[in-house]
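Below is one structure, written out as structure tokens; comments come after it.
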Amino acid sequence: MATIKEELQAAAKKLFDDDRVDYFVGYAEDYGHTFPAILAKDSDLSRLTFDRKSYNNLANFLPELRGFRVGLICKQCEVRTLNVLAAEGQIERDKLVVVGVPCPAMVDPRKLPQGEADLAALDESYWQEKCRRCPERNTPFADVFVGERVSTPTPAEGWPLLEEVEAMSAEERLAWWREQMSLCIRCYACRLACPLCYCHQCFVEDNKPQWLDKSVGPENNLHYHIIRAIHLAGRCIECQECSRVCPAGIPVDVLNNVLSRDFGERFGYVAGETAETEPALIQYERDDKEDFIL
Amino acid sequence: MGNNSERLYVPRLARVTAVVEETPTIKTFRLAFEDGPRPDFKCGQFGEFGIFGVGEATFCFASPPDREYVEITVKNVGKVTRAFHNLNEGDVITFRGPYGNSFPYDDFKGKKLLFIGGGIGQAPLRGLLWNCLENRADFEQVDLIYAAREECELVYERELVEFEARDDISVTLALDPVCPGEPIPGWRGRTSFVPPILEEERPSAEGRVVVTCGPPIMIKLVAKSLLEKLDYAPGQVWTTLEMKMKCGLGKCGRCNIGSVYVCKDGPVFNYEQILSFPREF
Amino acid sequence: MAAEYYRLSKDKVAELFERARADYDVVAKTRDANGNLVYGRPVSFDDVAFVDEQPPMSAKAFALPQTETLVRYEQEGDKIRADGSEAPARDVLLFGVNMCDAAAFDIVDRVFKWDYLDDPYLGRRARATQFALACAAVQRDCFCDRISYGEDGVDAVAYELEGAYLVKVRTEKGRALVERYENLFAVEDGDAERSIKTFKEKAGTVKKEPMLESAKPALEKAFEHADWEILASTCIGCGICTYVCPTCHCFDIQDEGGSSRGRRLRTWDHCTGRTFTATAAEQPRDRQYKRYRQRLLHKFWYYPERFGPLLCTGCGRCITYCPVKINIKELVEYFGGLKDTPPGGARHGK
Amino acid sequence: MPRSAATSSECGRRGTVAEKEKRSARETAGPWEPNIVGFLCNWCSYAGADLAGTSRIPYACNVRVIRVPCSSRVDPLMILRAFREGADGVLVSGCHPGDCHYIDGNYYARRKLIALKRLLDHVGLDPRRFRVSWVSASEGRKWAEVVKTVTRELLEAGPFRYEENGDD
Chain D
1 MATIKEELQA
11 AAKKLFDDDR
21 VDYFVGYAED
31 YGHTFPAILA
41 KDSDLSRLTF
51 DRKSYNNLAN
61 FLPELRGFRV
71 GLICKQCEVR
81 TLNVLAAEGQ
91 IERDKLVVVG
101 VPCPAMVDPR
111 KLPQGEADLA
121 ALDESYWQEK
131 CRRCPERNTP
141 FADVFVGERV
151 STPTPAEGWP
161 LLEEVEAMSA
171 EERLAWWREQ
181 MSLCIRCYAC
191 RLACPLCYCH
201 QCFVEDNKPQ
211 WLDKSVGPEN
221 NLHYHIIRAI
231 HLAGRCIECQ
241 ECSRVCPAGI
251 PVDVLNNVLS
261 RDFGERFGYV
271 AGETAETEPA
281 LIQYERDDKE
291 DFIL
Chain G
1001 MGNNSERLYV
1011 PRLARVTAVV
1021 EETPTIKTFR
1031 LAFEDGPRPD
1041 FKCGQFGEFG
1051 IFGVGEATFC
1061 FASPPDREYV
1071 EITVKNVGKV
1081 TRAFHNLNEG
1091 DVITFRGPYG
1101 NSFPYDDFKG
1111 KKLLFIGGGI
1121 GQAPLRGLLW
1131 NCLENRADFE
1141 QVDLIYAARE
1151 ECELVYEREL
1161 VEFEARDDIS
1171 VTLALDPVCP
1181 GEPIPGWRGR
1191 TSFVPPILEE
1201 ERPSAEGRVV
1211 VTCGPPIMIK
1221 LVAKSLLEKL
1231 DYAPGQVWTT
1241 LEMKMKCGLG
1251 KCGRCNIGSV
1261 YVCKDGPVFN
1271 YEQILSFPRE
1281 F
Chain S
2001 MAAEYYRLSK
2011 DKVAELFERA
2021 RADYDVVAKT
2031 RDANGNLVYG
2041 RPVSFDDVAF
2051 VDEQPPMSAK
2061 AFALPQTETL
2071 VRYEQEGDKI
2081 RADGSEAPAR
2091 DVLLFGVNMC
2101 DAAAFDIVDR
2111 VFKWDYLDDP
2121 YLGRRARATQ
2131 FALACAAVQR
2141 DCFCDRISYG
2151 EDGVDAVAYE
2161 LEGAYLVKVR
2171 TEKGRALVER
2181 YENLFAVEDG
2191 DAERSIKTFK
2201 EKAGTVKKEP
2211 MLESAKPALE
2221 KAFEHADWEI
2231 LASTCIGCGI
2241 CTYVCPTCHC
2251 FDIQDEGGSS
2261 RGRRLRTWDH
2271 CTGRTFTATA
2281 AEQPRDRQYK
2291 RYRQRLLHKF
2301 WYYPERFGPL
2311 LCTGCGRCIT
2321 YCPVKINIKE
2331 LVEYFGGLKD
2341 TPPGGARHGK
Chain A
3001 MPRSAATSSE
3011 CGRRGTVAEK
3021 EKRSARETAG
3031 PWEPNIVGFL
3041 CNWCSYAGAD
3051 LAGTSRIPYA
3061 CNVRVIRVPC
3071 SSRVDPLMIL
3081 RAFREGADGV
3091 LVSGCHPGDC
3101 HYIDGNYYAR
3111 RKLIALKRLL
3121 DHVGLDPRRF
3131 RVSWVSASEG
3141 RKWAEVVKTV
3151 TRELLEAGPF
3161 RYEENGDD
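Protein chains in written order, with this note's numbering: chain D, 1 to 294; chain G, 1001 to 1281; chain S, 2001 to 2350; chain A, 3001 to 3168.
Structure (structure tokens):
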């Protein structure tokens, strides 16, 4: 992976020198962590990196940089996110330079062994679950390509944790979700780490009417997570950032997977496939299948 | 100290005895305390008034300290204020306080006082204004400039007429210009923002104290014009800062600007202090 | 009171825990449903993790719970009865709490005792005894070696030596704990302070200059530094750093229920949130970097200026659990003049 | 909450919908009765319910009706808030697909309610608590049937316990 850092730093420097961007959003390496960084013309580009801990979805930082010309490092997750954002009219395409990077499959920080580990060598058991289902590791389109194309192993089928929870009875599922929700501290990191949660005033901030009580507890938390999943129905591209950032380790993306799978089976719908794919809830078919309406 | 200090957050209860509709969006509520003596407050202090089931909000005392009743003026802008606007006479509200500091009344004695109120900002000034008028001899001169967005937004309109009739206070009323230069038909006052009026009247800084309250943008522009064009010293311009507050007694960490807690060290500040704060505005 | 030193052999810790449960409401580290280490109320010592590992959530919730009822009200006829929450019924023993959590209480007490006495918080603090377990190694992102607090506010602390713990008792509450279970403790005769010093050197928790307190003068001039915008704009404004933090204490007051029955409660809030200071008139902190700047300056400038100690014990949780790994120590060093290169290299001007 | 559309004699003496405080008191006389919030679209289901009333069709009066312009006006937030405020069951009723006064309002509503139904089923909420029906303006009898089935099933399901949250 050594060369990808130099290629990235060269690409960033070229964009600044050609005055094509005001900001460059990528990953930086410092104090033992890899983290998202917004760099300007005079920033020290030598920190730029791309490794298997570059799991943040960088499309999440575009709203804060609205109006500026931005260079954005994009792996497959970011590209599918940009497709959804473009379909929803949130992208100023002419102000965006997509820097495509082939993705080496990201590691799940919770599975990382303590202390230093050679990330490149970590096998599938350390990967984030989404990476096993990744259909294509190379970015389909980009303004600037960096790094050589990589081969994509055949994607795994299904959602293991979702299927495990669905195997339980209704009472067991309710008890399981209530127990998970008793660990939720409503920090809203899952909402704010999600690039598709960009509403200026979110329903959790409403108080006229007050949809959601501010007190923390299993019921209120469950209501919040259900509505969050509804608002991502047919939009979520399963970058799994919401589950990664949860300090209590709650697999909140399972709720999103319920609808991704259901919308796939029921409407043949895959979120973020192309920039023209309309969000699922603003379109319909006359014969949409349903099995519960009286 | 606040009310029953051993139960800091348990509020006292007060009953609404009168509701006056000042403007379509602003009402004044008169409150009576039946569970004990009326809270003893000074001009400039505030309280946390609330409605059980809805919430609490921060309002300054809009009546002079020596009246037997307490009045607050509420603009309908949010969840709690809307619930206040649905109150009728006889309804019960909750109260915690009085909190915060007050206008340095004694330092103002012997000076010329210029009150500059903007819209709902007239509420915190009203208590002090009546206090000064009832001890008018303490002050060399009392002037009032009161501005509002439009005529139906004029707060305490009956009292403004009363002040205009008095000879010991000069009153200038102003509405925001709809289109510059054109007077508003049937309007007796000026049609201009406050800073141009100040720069035209040029009230001298000599022995004068300005007390201003209104939308933050008005306070900033008024202070700017006083300090930069009319060479007032920052210490002569007093205001009450409006930061979001929840506890009102220095615990919830919400109202601070730099190391200053607006609910404990304020809300009344002079511009000398404000200029020493970090530039949060 | 002068410190006293005792020995507690490792095999007596289980017995101390079991016996303490009769007299105290014992809080100790245990595992939750997802395997996270948490401060909980384990029933038997087998569930207790008597380790120095740091739980994601600090012990703050045992003095300032995340959601707490301040007032319950009930309509009776035309009268409304409102009563406050009850003080805790039993003494609480924080058994094996990290030093950075134990010391945080002493720092936060100052704002809750400032003029008005916050009775719900102080009620719990009065009945709490802290029996800390010193860290034998620096953990992931800790920097308590750069913060000058020591063992302040800790009733008793155990240092793990060969086969036994050296227990240093610092307050009346600490002595009461030891006296109550006298037969488990032996008086320490050796040079206790020296073995504590060697313990800290081995653990790497000896204080190292420059201390972060020294950043305050430069921070006071850095409010309008151009690099805040670029370094803190990656902050997504979630509540993790403030909720996991042992010293962040900001809260919101809300009502729940109908007009005739319900409660007025207090619940944690975070200054990094979008609506923390939003009012009808304006929002002074309208950009995300201003909100992050508020959190850092409150801890390293505003609070020490007002109450003395930094509002930080260097536990590093806000770095470990930050979704974008913003490093508060590096930013304090950069804006506080202790370092001249910004973390991650982002910078506006030269 | 407006006056209930059901005006059958059986319900008359219970009068208008109680203010939410009385309902949360829950000590209504007699055995426990399920408390159902019904979102009825103005053009079809509300008219159908009205027809049931004017045709003197007796049926249970457990449904507190909220009239909405179209079934697609019903936001999942309202449905979950209804459970939070004390509802034991929520019924959303609109025009049959194709009859919508706004042409395709109920088609959008169908997808949104499918998504909510799938999530509520997944987290284990009793499926009898959240029901959707298509009732046209002429189907007074069907409306009475729908309410009867929903009420009967909720009597079996029992009250919806919304736990008081997060006390220390």
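Virtual Cβ for every residue (Gly too), placed ideally from N, Cα, C.
(message) Please list, in chain order, the residues of the region 1182–1214 of chain G that have any C-beta partner in chain S closer than 8 Å.
(response) Shown here is that no member of the region 1182–1214 of chain G has a Cβ falling below 8 Å from a Cβ of chain S.
(message) Please list, in chain order, the chain D residues whose beta carbon lies closer than 9 Å to that of Ala-3157/A.
(response) Neighbourhood of Ala-3157/A in chain D, by CB distance below 9 Å: empty, with the nearest CB roughly 11 Å away.
(request) Can you check DSSP and say which residues form a bridge with Leu-1113/G? (result) Answer is Val-1142/G, Val-1209/G, bridged to Leu-1113/G.
(message) For a minimum of 4 consecutive residues, which ranges assigned as the alpha helix (DSSP H) are wholly contained in the region 2009–2035 of chain S?
(response) DSSP runs (the alpha helix (DSSP H)) wholly in the region 2009–2035 of chain S: 2013–2023.
(message) Tell me the rounded alpha-carbon separation between Pro-2304/S and Pro-2210/S.
(response) So the two alpha carbons sit approximately 17 Å from each other.
(request) May I have the straight-line CA-CA distance separating Tyr-3107/A from Tyr-284/D, to the nearest angstrom? (result) Rounded to the nearest angstrom, the two C-alpha atoms are 6 Å apart.
(message) According to DSSP, is Asp-2252/S part of a helix, a strand, or is it coil?
(response) In the structure shown, Asp-2252/S sits in a strand (DSSP, three-state: E or B).
(request) Pull up the CB-CB distance for Val-84/D and Ala-271/D, whole angstroms please, since I reckon it's below 8 Å. (result) About 6 Å; that satisfies the 8 Å criterion.
(message) Just to confirm, is the Cβ distance from Gly-2316/S to Gly-1053/G under 8 Å?
(response) Gly-2316/S is not a Cβ neighbour of Gly-1053/G, given a cutoff of 8 Å.
(message) Let me check one thing: in DSSP terms, what residues is Ile-2080/S bridge-paired to?
(response) Its beta-bridge partners are Gln-2075/S.
(request) Could you work out which residue in Leu-2064/S, Tyr-2302/S, Val-2097/S, Gly-2084/S is closest to Tyr-2073/S when comparing CA atoms only? (result) Comparing Cα-Cα distances from Tyr-2073/S to each of Leu-2064/S, Tyr-2302/S, Val-2097/S, Gly-2084/S, the minimum goes to Gly-2084/S.
(request) Measure the C-alpha to C-alpha separation of Leu-196/D and Ala-280/D and round it to an integer number of angstroms. (result) C-alpha separation (whole angstroms): 14 Å.
(message) Quick check on this structure: which residue in Glu-2004/S, Gly-2336/S, Val-2026/S has the alpha carbon closest to the alpha carbon of Ser-2214/S?
(response) That would be Gly-2336/S, whose Cα lies nearest to the Cα of Ser-2214/S.
(message) Can you pull the chain D neighbours of Arg-1082/G, defined as C-beta to C-beta under 9 Å?
(response) Chain D residues near Arg-1082/G: Lys-208.
(message) Just to confirm the assignment: which complete beta strand (DSSP E) runs, minimum length 3, are found wholly within the region 30–62 of chain D?
(response) Listed in chain order, the complete beta strand (DSSP E) runs (minimum 3 residues) inside the region 30–62 of chain D are 33–39.
(message) Relative to the C-alpha of Tyr-2149/S, which candidate in Trp-2268/S, Leu-2177/S, Thr-2247/S, Glu-2015/S has its C-alpha closest?
(response) Nearest of Trp-2268/S, Leu-2177/S, Thr-2247/S, Glu-2015/S to Tyr-2149/S, Cα basis: Thr-2247/S.
(message) With a threshold of 8 Å between beta-carbons, can Lys-1224/G be considered close to chain D, or not?
(response) The beta-carbon of Lys-1224/G is placed no less than 8 Å from the nearest beta-carbon of chain D.
(message) 8 Å is my cut-off, CB to CB: does Pro-1278/G come that close to chain S?
(response) The Cβ of Pro-1278/G sits closer than 8 Å to at least one Cβ of chain S.
(request) Would you list the residues sitting across from Ala-1032/G in a DSSP beta bridge? (result) For Ala-1032/G, DSSP records a beta bridge to Arg-1015/G.
(request) Drop a sphere of 10 angstroms on the beta-carbon of Gly-158/D, count the other beta-carbons inside from all chains shown, and report buried for 16 or more, exposed for fewer. (result) That one is exposed.
(message) By the three-class DSSP mapping on this structure, what secondary structure does Glu-1006/G have?
(response) Of the three classes helix, strand and coil, the one that applies to Glu-1006/G here is coil, per DSSP.
(message) If you reduce the DSSP assignment to three classes, tell me which class Asn-257/D lands in.
(response) Assignment of Asn-257/D by DSSP, reduced to helix, strand and coil, places it in the helix class.
(message) On a Cα-Cα basis, can you pick out the residue from Glu-1199/G, Gln-1273/G, Gly-1090/G, Asn-1256/G that is closest to Phe-1033/G?
(response) Among Glu-1199/G, Gln-1273/G, Gly-1090/G, Asn-1256/G, the Cα nearest to that of Phe-1033/G is on Gly-1090/G.
(message) Short of 8 Å Cβ to Cβ, which residues in the region 1062–1087 of chain G face chain D?
(response) If you check each beta-carbon in the region 1062–1087 of chain G against every beta-carbon of chain D, the ones closer than 8 Å belong to Gly-1078, Lys-1079, Arg-1082.
(request) Establish whether the CB of Ser-1259/G and some CB of chain C are separated by less than 8 Å. (result) Any reference to chain C falls outside this structure, whose protein chains are D, G, S and A.
(request) At 7 Å on the CB atoms, spell out the chain D contacts of Asp-3104/A, in chain order. (result) For Asp-3104/A, the residues of chain D that pass the 7 Å Cβ criterion are Tyr-284, in the order they occur in the chain.
(message) Would Leu-3091/A and Gly-3038/A be called neighbours here (beta carbons separated by less than 8 Å)?
(response) Yes, the Cβ-Cβ distance between Leu-3091/A and Gly-3038/A is below 8 Å.
(message) List, in chain order, every chain D residue whose beta-carbon is nearer than 9 Å to that of Tyr-2243/S.
(response) What Tyr-2243/S touches in chain D: Ile-185, Arg-186, Cys-187, Pro-247.
(request) Return the CA-CA distance between Asp-1035/G and Cys-1252/G, expressed in angstroms with no decimal places. (result) Near 27 Å, if we compare the C-alpha coordinates of Cys-1252/G and Asp-1035/G.
(request) Decide if Gln-180/D is buried, meaning its Cβ has at least 16 other Cβ atoms within 10 Å, or exposed. (result) So Gln-180/D ends up on the buried side.
(request) Starting from the beta carbon of Val-258/D, find every residue of chain A whose beta carbon is closer than 7 Å, and list them in chain order. (result) Among the residues of chain A, those whose CB is under 7 Å from the CB of Val-258/D are Arg-3118, Leu-3119, His-3122, following chain order.
(message) Counting only beta-carbon separations shorter than 8 Å, does Ala-2346/S have a partner in chain D?
(response) Yes, its Cβ sits closer than 8 Å to a Cβ of chain D.
(message) Using only the alpha-carbon positions, how far apart do Lys-3148/A and Ser-2260/S sit?
(response) In a straight line, the C-alpha of Lys-3148/A is about 33 Å away from that of Ser-2260/S.
(message) Using a Cβ-Cβ distance cut-off of 8 Å, determine whether Gly-3086/A contacts chain D.
(response) No - not a single Cβ of chain D is within 8 Å of the one on Gly-3086/A.
(message) I want to see whether chain S comes within less than 8 Å of Asn-1256/G, judged by CB atoms only; does it?
(response) True, the Cβ-Cβ gap to chain S drops below 8 Å.
(request) Verify whether the separation of the beta carbon atoms of Val-2324/S and Met-2057/S is less than 8 Å. (result) Result no, Cβ atoms of Val-2324/S and Met-2057/S do not sit closer than 8 Å.
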